[in-house]
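Data block below; observations after.
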Amino acid sequence: MTQASTVTARSTVREVFLVFLKLGTTSFGGPVAHLGYFRTEFVERRKWMDDREYADLVALSQFLPGPASSQVGFGVGLLRAGGWGAIAAFVGFTLPSAALMVAFAYGASWFAGPIGEGLLTGLKIVAVAIVAQAVWGMARTLTPDRPRAGIAVIALLTTMLMVGSVGQIAAILIGALGGLIFCRAAVEDRPDMLHFPVRRAAGITSLAVFAALLIGTPIIAAATGLGGVALFDAFYRAGALVFGGGHVVLPLLQAGVVDPGWVTNAQFLAGYGVAQAVPGPLFTFAGYLGAIADTGPGGIWGALIALIAVFLPGFLLLLGVLPFWNTFRRHAWAQAVMRGASAAVVGILAAALYSPVFTTAVTDAGSFCLAVICFVLLVSWKLPPWVVVLVGAAGGVLIGLL
């Protein structure tokens, strides 16, 4: 059987943790780059799975909401060392960037005066370039034809006209419906797809917990008025509704923490800029936001609540779908729905590029020129994001001094 190579040759939890800790420390460049690092490590170097098995796992992570690269890592850990291996993979891959983002939250007050303010200005401008690159790249991949391009435009209009998470949810639903109607194509069927060792009862339980938290947490937050519950709800909702992971979570997090006034736009974009310079999953940006939010416990505990909340729904959905994945993905309607939802994501991210990213960061000719320079360095020169972050930070200081 195809899965024999991945299930019989088990790994220890410690081995899984150390491998993913190394990846979490060295994997720069966002979720697409992470998947490349993973393939090199698990397919080429360690022979933990073959290319076909790895492609199955990547396809599943792309199908579900949540952080794609972290879900792939969670799946690899599950295959190699069971449930504790999945947790070890998540902690190892997430810990380095989460620690760096929380450290920045504690040290943000150091960025005072002309130089510090210039650094923060530069980080916000870098965010413009990086989000623009994400929109450009995703549009080429996810909207290759007229129907999906039209869905993206409608999603953009919906998000701009309906402010907050309501507009983003509506855009995803419209995209899914549009995909069901306009994006049907030949069914991709593979009889030898990867099978995961997850029982159906465990899958159903995971889906039930996912739904209970999504529906029940906002009710509890409203009834109790507890800031920690409200914080968990905002980040859980963002993690539950983001398709594609990475930069796509930006508008959902912005709606969750900036719109209610827990975090300012300037703080949000400064943290987002720093998140580009650290390795590991971009979702650890949530740790920074939870640490500085004006609701909930703040600090380390606020960061921990935000991190658990933003990652948890993606993992619950992954565990819930694993026992049924091979059967479900063969349906043409399921594939069509995902094509439409993915196209809608492009429109949602394009709306976020305009507001709050562009409108907050680009305030004069100098900031616009620096944003263009950073974009060209990313797209044409193919420089790593962390290098562009350094260029943007230096440019921000120069603009501040001038």
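Quick note on this note's numbering: the sequence shown kicks off at 3 and runs consecutively. Note that beta-carbon positions come from the ideal geometry of N, C-alpha and C, so glycine has one too. Computed from a predicted structure; not experimentally measured.
**Message:** Please give the ranges of any alpha helix (DSSP H) in the stretch 133 to 182, keeping only runs that are unbroken, at least 4 residues long and fully inside the region.
**Reply:** 148 to 163
**Prompt:** Do A334 and R186 have their C-beta atoms within less than 8 Å of each other?
**Reply:** Your numbering for residue 334 matches position 332 in the sequence shown. Your numbering for residue 186 matches position 184 in the sequence shown. In contact: A334 and R186 (Cβ atoms closer than 8 Å).
**Request:** Please list, in chain order, all residues of the same chain as F360 whose beta carbon is under 6 Å from its beta carbon, the five residues on each side excluded.
**Result:** The residue labelled residue 360 in the question sits at position 358 within the sequence shown. Once the five neighbours on either side are set aside, the close Cβ partners of F360 are V130.
**Asked** Who are the near neighbours of I307 in its chain, counting only those whose CB is closer than 8 Å to its CB and skipping five residues on each side?
**Response** Counting from one through the sequence shown, the residue named residue 307 turns up at place 305. If we look at I307 and ignore the five residues flanking it on each side, its Cβ neighbours are G230, L233, F234, F237, G292, G298, P299.
**Asked** To the nearest angstrom, how far is it from the Cα of F198 to the Cα of G205?
**Response** As a first step, residue 198 must be located in the sequence shown, where it is residue number 196. As a first step, residue 205 must be located in the sequence shown, where it is residue number 203. When rounded, the distance between both Cα atoms is 11 Å.
**Prompt:** Using DSSP with H/G/I as helix, E/B as strand and the rest coil, what is V339?
**Reply:** What you label residue 339 is simply residue 337 of the sequence shown in a count that begins at 1. Three-state result, V339: helix.
**Request:** May I have the straight-line CA-CA distance separating F212 from L319, to the nearest angstrom?
**Result:** Along the sequence shown, read from residue 1 onward, the residue named residue 212 stands at position 210. Along the sequence shown, read from residue 1 onward, the residue named residue 319 stands at position 317. Cα to Cα, the separation comes out at about 7 Å.
**Asked** Helix or strand or just coil, what does DSSP make of V387?
**Response** Within the sequence shown, the letter at position 385 stands for residue 387. Sequence check: residue 387 is Pro here, not Val. Helix at P387.
**Prompt:** Nearest CA to the CA of G368: which residue from M164, A105, G120?
**Reply:** As a first step, residue 368 must be located in the sequence shown, where it is residue number 366. Nearest C-alpha to G368: G120.
**Item:** Length at least 4, wholly inside the stretch 240 to 277: the alpha helix (DSSP H) runs in chain order
**Value:** 251 to 255, 267 to 277
**Request:** Quick one: residues in its chain with C-beta nearer than 7 Å to the C-beta of A88, no 5 flanking neighbours on either side, listed in chain order?
**Result:** For the purposes of this step, residue 88 is taken as the residue at position 86 of the sequence shown. Here the set comprises F76, G79, L80.
**Asked** Thinking just about the alpha-carbon of each residue, which of K24, L20, V18, T14 is nearest to the one in P281?
**Response** Working through the sequence shown from its first residue, we reach residue 281 at position 279. Nearest of K24, L20, V18, T14 to P281, Cα basis: K24.
**Asked** Going along the chain, which residues of its own chain have a beta-carbon closer than 7 Å to the beta-carbon of L215, five neighbours each way excluded?
**Response** As a working note, residue 215 is residue 213 in the sequence shown. Here the set comprises Y238.
**Asked** Looking only at C-alpha atoms, which of T362, V389, D261 sits nearest to I127?
**Response** Residue 127 sits at position 125 when you count from the first residue of the sequence shown. It is T362 whose Cα lies nearest to the Cα of I127.
**Request:** Flag this pair as yes or no: are the beta carbons of T219 and G349 separated by less than 8 Å?
**Result:** Reading the sequence shown from its first residue, position 217 is the one you call residue 219. Reading the sequence shown from its first residue, position 347 is the one you call residue 349. It is not a contact, given that the beta carbons lie outside the stated cut-off.
**Asked** Smallest Cα separation from V381: which of F40, I132, A91?
**Response** Start at 1 with the first residue of the sequence shown, and residue 381 comes out as number 379. Ranking the options by Cα distance to V381, first place goes to I132.
**Prompt:** Which residues in the same chain as F19 place their Cβ atom closer than 6 Å to its Cβ, once the five residues preceding and following it in sequence are excluded?
**Reply:** On the sequence shown, residue 19 is found 17 positions in, with the first residue counted as 1. For F19, where only same-chain residues beyond five positions count, the Cβ hits under 6 Å are A90, G94.
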